[in-house]
Amino acid sequence: MKLLDIISSANSNLFRNKTRTFLTILAVFIGSFTIILNSAINSGVNDFIDRQVESAGGDGYLEIMTTEAVDTFSSMMNTSEVQEYKEKSSNGQNSSYITDEQIEKASKIPGVESIDLIYFATPEYVTKKGSDKKYAVTSLNLMPRGNVNLDVTAGRKPDSTSSEPEVALTEAYVKALGYNSDEEAIGETVTFAVPNTIACYTAVKREDCLKFVDAKVVAVQAPGVMATGGMRANLALNDAIYQLSTEGMPEETKRHAFQATAQVEPNKVDEIKEELKKIGLIAMTIDDEVGMIRTFFDAILVVFSIFGAIALIAASIGIINTLFMSVQERTREIGLMKAMGLSNAKIFLSFSCEAILLGFWGSVFGIAVSMAIGLIGNEVAHQTFLADFPTFDLVKFNPLNMLIITLIIMFIAFLAGTLPARRAAKKNPIDALRYE
Amino acid sequence: MGKVIEAKNLTKIYGKKSAAFTALDGINLDINEGESVAIVGKSGSGKSTLMHLLALLDTPTKGTIEIDGQNATKLSKRQLNKLRNSRFGFVFQQFFMNANDTVLENVILPLKIAGVSRFKRKKMALEALKIVDLESKAKNKSTDLSGGQKQRVCIARAIVNNPKIIFADEPTGNLDSATGDKITDLLFALNEKRGVTLIIVTHDEDLAKLCKRIVRISDGKIISDSAVRKDAQAKASERREKEAARVKRANEKEAK
Ligand SMILES: Nc1ncnc2c1ncn2[C@@H]1O[C@H](COP(=O)(O)OP(=O)(O)OP(=O)(O)O)[C@@H](O)[C@H]1O
Ligand SMILES: [Mg+2]
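For the protein sequence lines, the chains are A and B, in the order given. Sequence positions in the first sequence follow this note's numbering and run 6 to 441. Sequence positions in the second sequence follow this note's numbering and run 6 to 261.
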């Protein structure tokens with residue numbers, strides 16, 4: 006018997022008992038569908054994260070905190086454990102702040118190109134210069150020096166080496182402030198109102214303690230997820246706002262900062278991290294941070310893959326059962342074919358073929374349905390929660406992945422089929438012919 | 006005429022030790038080319054067992070079988086399969102047809118097993134169906150046929166590979182006498198016109214008398230082995246000749 010004949014008769018044998026075959030294929034389908042859709046979502050999400058990493062900080066960009074600050078954060082997250090009290094330094098300074106000494110030492114580590122302390126100061130509102138329409142500011146983040154990209158729809162990213170205050174608006178502010186287009190906003194001046202902490206303790210009216218700083222609009226940002234959509238200030242603007250809000254405070258207090266950013270030579274990142282650790286600073290690259298998100302997604306997907314695998318195991322049992330029934334029903338046919346000179350090996354092959362075909366059809370339907378659902382899902386996502394990210398496909402199908410998954414499922418089906426196929430091959434033609 | 010089958014001291018014992026049962030006991034049997042042999046005996050006498058051994062479907066506990074002078078017990082599994090596939094044709098008491106396949110597919114089966122190409126095997130199967138006069142049913146599902154038609158399909162299947170020997174186990178057992186006659190006529194026409202050796206297992210004395218030779222067995226032993234009297238054979242010859250003429254016409258038509 007030729008191989009092609011074996012395959013085609015295996016296929017037509019399968020569809021003799023349509024209901025049983027359909028149910029078995031359905032079981033395989035559930036497993037393959039789960040796994041294929043899962044791997045497609047995995048591709049989509051990872052691809053998206055990769056692109057976000059590029060815009061959040063490239064090679065050699067570090068975010069730095071003190072070891073104490075990191076500990077404090079992690080113990081804040083873990084409220085079930087009580088830590089022993091550690092005495093603060095003699096001058097009473099909170100050691101969570103990065104000290105001048107640490108910055109001094111850090112800047113001398115070979116490979117460190119620049120290091121800046123980050124002061125957090127949020128203005129109260131923003132206006133178009135000269136206008137009295139005020140808009141609340143919820144977040145204005147520093148655009149640090151170093152290898153950090155900003156996705157812009159117009160203009161260029163704020164220059165932190167410049168001494169002129171510059172700002173990158175978001176599209177929402179462009180509209181609110183009354184510019185007709187992103188391009189029109191570029192080069193315009195906006196005014197930030199900053200509350201002075203000390204003055205506001207005693208002020209009767211809020212307006213009495215507000216100070217003002219002008220900034221030039223240099224960019225309008227493209228939507229993204231990493232920087233959560235806030236406006237971005239260059240170093241000069243950030244400093245100016247901080248100065249206004251801390252005016253009147255002791256110099257020492259003014260210099261309190263939890264965070265610093267640094268740009269270092271990309272190939273020295275690991276050594277520099279080690280060096281920083283020695284002076285009590287912990288540095289993270291964007292990849293470290295994204296790595297956590299990635300691990301989180303991967304964990305979810307692993308769980309779903311396990312569901313898929315369990316479904317496949319159940320499907321394998323279904324295949325074994327289906328084929329055992331088929332061997333039983335076709336006992337006489339097997340006997341007849343053996344009497345006519347069909348070898349044991351080919352009987353085995355023909356039943357194995359049926360098993361493999363069950364796996365094959367299950368996978369094919371799995372691919373077809375998961376692609377359909379994936380494409381619909383992408384479409385729905387783009388119209389709803391991913392409306393701002395036209396380039397992000399929630400589900401991404403990789404042909405090679407699908408081929409590999411199909412082959413693996415066919416192999417699993419083959420393994421399941423070996424049991425009944427062996428039984429069929431070992432049947433004695435006489436016993437099979439005498440079978441009632 | 007040479008010997009096609011030569012069985013020496015065939016013994017078949019089923020089961021072991023206390024449960025052992027001797028189904029065949031020291032059978033010696035030679036079958037010549039072109040002969041028609043009936044194996045007759047009571048139920049349970051060992052007819053089917055003997056036929057299975059002669060057809061190399063089972064192995065004897067003791068003794069040897071030679072096919073065309075070649076010791077079959079020494080052949081490999083592969084050679085055995087090849088031999089059965091190319092030289093033997095089988096007609097069983099039950100039809101053993103694949104109910105969901107077409108008549109044509111059922112007849113094609115031995116050729117498919119032999120690995121004959123698609124085009125050629127279809128042509129050969131249609132020829133075989135023409136001989137049993139069922140060409141028109143080629144595309145029907147085999148379940149749609151009557152009992153007699155089914156058995157004729159089985160004969161077409163048995164002859165499709167142009168076998169030298171046809172083994173038939175109770176070929177008319179399931180059929181009424183008129184239909185049974187048609188089947189026997191077909192088999193004997195093949196024997197006469199094509200020189201196919203016929204080995205028919207039956208407990209029907211009338212069918213047995215149509216053969217040239219009757220082998221009677223009882224309790225696994227041959228109790229008589231004799232040629233059939235001419236006058237008994239003559240009764241059936243008229244009917245046989247008519248059928249033979251029809252087959253000849255069919256063959257001539259095909260030759261054109
Ligand atoms: N696999 C087996 N195991 C044990 N005994 C068997 C087996 N096959 C056949 N027999 C026994 O061997 C004897 C001969 O069986 P066989 O089938 O050859 O009889 P038969 O002459 O063909 O009978 P029938 O006319 O009823 O078909 C019977 O007594 C049967 O019970
Ligand atoms: Mg019998």
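Think of the CB as a built atom: it goes at the ideal place given N, C-alpha and C, for glycine as much as any other residue.
For residue 200 of chain A, DSSP records a beta bridge to A:215. A direct Cα-to-Cα measurement between residue 35 of chain A and residue 414 of chain A gives close to 12 Å.
Taking all protein chains in view, the Cβ of residue 6 of chain A is crowded by 16 or more other Cβ atoms within 10 Å, so the residue is classified as buried. Close to residue 432 of chain A, with beta-carbon spacing below 7 Å, lies no residue of chain B; the smallest spacing is near 12 Å. Contact of residue 62 of chain B with chain A by beta-carbon distance below 7 Å involves 344, 434 and 435. The beta carbons of residue 338 of chain A and residue 103 of chain B sit closer together than 8 Å. Residue 264 of chain A has A:70 and A:123 as its beta-bridge partners, per DSSP. Scanning chain B for C-beta atoms nearer than 7 Å to the C-beta of residue 13 of chain A yields nothing, as the closest lies near 10 Å away.
Taken residue by residue, none of the stretch 355-368 of chain A has a beta-carbon sitting less than 8 Å from a beta-carbon on chain B.
Among the residues of chain A, none has a CB under 8 Å from the CB of residue 17 of chain B; the nearest is roughly 11 Å distant. At a threshold of 7 Å, residue 206 of chain B counts as near ligand 2, since its beta carbon sits closer than that to one of the ligand's heavy atoms. At a cut-off of 7 Å, the beta-carbon of residue 47 of chain B does not count as near ligand 2: no heavy atom of the ligand is closer than that.
Of all residues in the stretch 10-36 of chain B, none is placed with a Cβ closer than 8 Å to any Cβ belonging to chain A. Residue 114 of chain B has its alpha-carbon roughly 15 Å from the corresponding atom of residue 156 of chain B.
Taken in chain order, the members of the stretch 110-144 of chain B whose beta-carbon sits within less than 7 Å of a beta-carbon on chain A are 114, 115, 117, 118 and 120. Contact between the stretch 297-315 of chain A and the stretch 27-45 of chain A is present: 3 or more CB-CB pairs across the two stretches fall below 8 Å. Taking C-beta atoms under 8 Å as the contact rule, residue 247 of chain A and residue 126 of chain A qualify, at a distance of about 4 Å.
Under DSSP, residue 146 of chain A shares a beta bridge with A:237. For the 8 Å CB-CB criterion, residue 49 of chain A and residue 399 of chain A form a contact.
Residues of chain B with a Cβ closer than 7 Å to the Cβ of residue 21 of chain A are, in chain order, 105. Listed along chain B, the residues sitting closer than 7 Å to residue 337 of chain A by beta-carbon distance are 101. From the beta-carbon of residue 87 of chain B, the residues of chain A found nearer than 7 Å are 346.
Between the alpha carbons of residue 115 of chain A and residue 278 of chain A lies a distance of about 12 Å.
With a cutoff of 8 Å on beta-carbon distance, residue 35 of chain B and residue 8 of chain B are scored as near each other.
The continuous alpha helix (DSSP H) containing residue 406 of chain A extends over residues 404-431.
The Cβ-Cβ distance between residue 204 of chain B and residue 44 of chain B falls below 8 Å. With a 10 Å radius around the Cβ and a threshold of 16 neighbouring Cβ atoms, residue 255 of chain A comes out exposed. Residues of the stretch 193-224 of chain B with a C-beta less than 9 Å from any C-beta of chain A: none at all.
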